[in-house]
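Protein chains in written order, with the UniProt record's numbering: chain D, 1 to 395; chain X, 1 to 138. Here a beta-carbon is modelled for each residue, glycine too, at the ideal position from N, C-alpha and C. Computed from a predicted model, the values in this text were never measured in an experiment. Before any comments, here is the structure.
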Amino acid sequence: MDMEHRRLGSTGGAEAVLGLQPNSTMSIAYHSLFDSHNDITLLEIDEKLVPDILQQRVTIRGQPDEDAVLCTQSKTYALKFVGTSNSVFLIPPSDKAVEECNEKDDMTIPVASVIKVAPGSMELVEVAPKLDKLKFLLSQNPYSFVEASDMDISHEREKMNTGLYRWDDLADKVQASNEELRSGLQALLAVEIDGYWRVLDDKYMDMILNMLLHDVILNDWSFNALNEDEVLRALETDGFPCNIAMHCLKVYGNKVEEHIGGSCMWRLEERRVCVHFAREILKNGKMKMETFMAEWIRKVPDGMHASFDMLEGEVLTEKLGIETLVYYFSVSSLPSTPAERFNILFQERQKWEWKDLQPYVRDLRVPGLSSEAILLKYTRRTQPTVDAEPVFSAR
Amino acid sequence: MQIQVKCSCGEGDCPEWAILELQGTVEAQPSFQNSLQNLQIGILCRQSQENYTFSVGYHELTGTKVKLKKPMLVLKKIKLQNEEEMGERDVNSLRVELDVIGIIRHKILFKTRPKALISKPQPAVKEKVTQPSSTVPN
């Protein structure tokens, strides 16, 4: 009897097991190809992700030295292996061809074959995209005025090709979904130049903004109603390519109306322009508050008003005797993972008042964790008296 | 590096696989241990609407069909052997795809300990179920 069963081979399959009728019996056997089959894994997923996967909108991303993540169009998930001590017999659907030729033999009871014993399965845990790497990659080779104005690019280009990334290169290297990658590029003020995603170097941004402001005065334009065509034309005459000029409008302005006489209208955003000048002034280090404010107000274009609260999350102040010093410390230059972020924040200052800390932590996102929970996890909150301001220090 | 997750079965047409799950492990007799292929593990019987039994050697397990809380995909790693590229590229850049070859929505779960089948003695015990923990009732 034993030998008989041994030679039955694989006839039925998963459908026979799942469709087994009450009061029926079938045999379960090892498949003729039974093995460890390390190339077969199980992945547990939410029902709502099934269509994404079946429509081939999902990729697994990561370098050999990184833990792989699974990306849908909009989200990033870590892959966790969960082992089991149970025996999980995997039964594939039947091989139709084999089934038919065995059907003639009506003496046998149906057999379903086990192809593999699964040691466990992979599970998905939503995680934040790894956008710090994007920041790092783009910072390797910022687009500069020298490169932009260099017309003879033929052989120089070869040399400068390091640190240049196309969309596909970034998708290969950065563990983020396409949507997260796109908004990451936007947040970094990156622009696609000749097929490569670049950030513009500070000096170049400063030049083009100053040129734009100069053109505004020269042509008697209004900050609130800049005609896109006119701006691009003027900047192009000044030597700035159209895509860079457009980028400048996007970085420092917002589109207001679609069409006035067939052209888009833009408004320069006071805060963004003012912050730019504050950053330029503080580039060389700490300054006395009075000196900084005087210079800032002087530098900001006429018609715009610099006010210190615009600099929330951009600068910090410290007391030195009776002086107040101000220095550049931008949230945009800090890591986006909470542990690293708080590490740097508490290196900068041992104790933070909430009003100072808030601008530096409000952008932190951890899937499944509220902002309060993040604070609770990484900081110690003390409140000397009931009505005193809470103070946050390292855990 | 990106690994595309594909499904060559076409949407909505992904074949359903089945899982038979039991506690502990099934051990074949030493003489079979290296040639499990085609060997019978046991007999699955649906005794009623709800109840399933799985008889392995002298032992009988009782269980039920369970719908998984979340479906599981069966993924198969496919190495793409592009011969033209292979010459230039090193092993690290060997392209890999994951093919969804099946989906699992149900399993037949035996979570009880095995019951000894004393009424049906067989001369040769082909396989036995071993439990992680000590005694077997009956």
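- request: Closer than 8 Å by C-beta to D:L124: which residues in its own chain qualify, once you throw out the five before and the five after it? Chain order, please.
  value: L43, E44, I45, D46, L49, L70, Y77, A78, L79 and K80
- request: Could you confirm whether any beta carbon from chain X is found closer than 8 Å to the beta carbon of D:G12?
  value: no
message: Can you find the residues in the same chain that come closer than 8 Å, C-beta to C-beta, to residue 453 of chain D, ignoring five residues on each side of it along the sequence?
response: Because chain D here runs from 1 to 395, residue 453 of chain D falls outside it and cannot be looked at.
query: Under a three-way DSSP split, which group does D:E312 fall into?
result: coil
- prompt: alpha helix (DSSP H) containing residue 430 of chain D: first to last residue?
  reply: This structure cannot speak to residue 430 of chain D, because chain D is shown only from 1 to 395.
Option nearest X:E27 by Cα separation, candidates D:A278, D:N86, D:W221 and D:R381: D:N86
task: Please say whether D:S177 and D:S332 have beta carbons closer to each other than 8 Å?
output: no
- prompt: CA-CA distance, D:R395 and D:E314?
  reply: 25 Å
message: Classify X:K107: buried if its beta carbon has 16 or more other beta carbons within 10 angstroms, exposed otherwise.
response: buried
query: In whole angstroms, what is the alpha-carbon distance linking D:E100 and D:G368?
result: Unreliable positioning characterises D:E100 in this predicted model, as indicated by a pLDDT of 46, which lies under 50. The coordinate reading is nonetheless provided below. For D:E100 and D:G368, the distance between alpha carbons rounds to 51 Å.
Nonlocal neighbours in the same chain, by C-beta distance under 8 Å from D:A339, ignoring five residues either side: Y378
field: Spatially closest choice to X:K115 from X:G63, X:K76 and X:L68, by CA coordinates
entry: X:G63
message: I need the boundaries of the alpha helix (DSSP H) containing D:Q347, first residue and last residue.
response: P338 to E348
task: Work out the CA separation of X:A18 and X:T25 for me, nearest whole Å.
output: 18 Å
- request: Would you please verify whether the beta carbon of X:D90 is less than 8 Å from any beta carbon of chain D?
  value: Residue placement at X:D90 cannot be trusted, given a pLDDT of 49 that sits under 50; what the coordinates show is reported in the next sentence. It does not: the Cβ of X:D90 has no partner Cβ on chain D nearer than 8 Å.
- request: Out of D:T72, D:M289, D:M122 and D:R267, point me to the one whose CA is closest to D:A171's CA.
  value: D:T72
message: Does X:Q49 pass the burial test, meaning 16 or more other C-beta atoms within 10 Å, or should it be called exposed?
response: exposed
query: What does D:Y30 reach in chain X if we use C-beta pairs closer than 7 Å?
result: L36, Q37, N38, L39 and I41
- request: Taking 8 Å as the cut-off, decide whether the C-beta atoms of X:I78 and X:V56 are in contact.
  value: no
- request: Kindly indicate if chain X contains any beta-carbon less than 8 Å away from that of D:E230.
  value: no
First through last residue of the alpha helix (DSSP H) which encompasses D:Y360: W354 to V361
- request: Would you kindly work out how many angstroms separate the C-alpha atoms of D:A68 and X:V96, rounded to a whole number?
  value: 13 Å
query: In three-state terms, what does DSSP make of X:M1?
result: coil
query: Does the pairing of the region 232-243 of chain D with the region 195-202 of chain D give three or more beta-carbon distances under 8 Å?
result: no
- prompt: For the 8 Å Cβ check, are there 3 or more pairs between the region 238-248 of chain D and the region 266-274 of chain D?
  reply: no
- prompt: Beta-carbon of X:V66 versus every beta-carbon of chain D: anything under 8 Å?
  reply: no
task: For the region 170-189 of chain D, enumerate the residues whose C-beta is nearer than 9 Å to any C-beta of chain X, in chain order.
output: A171, D172 and K173
task: Use the C-beta contact count for D:P301: other C-beta atoms within 10 angstroms, 16 or more gives buried, fewer gives exposed.
output: buried
- request: Measuring only between beta-carbons, confirm whether X:K115 sits less than 8 Å from chain D.
  value: no
field: chain D residues whose Cβ lies nearer than 8 Å to that of X:T25
entry: S87
- prompt: Would you call D:H214 buried or exposed, if buried means 16 or more other Cβ atoms sit within 10 Å of its Cβ?
  reply: exposed
query: Where do the N-terminal and C-terminal ends of the alpha helix (DSSP H) with D:P51 fall, by residue?
result: V50 to L54
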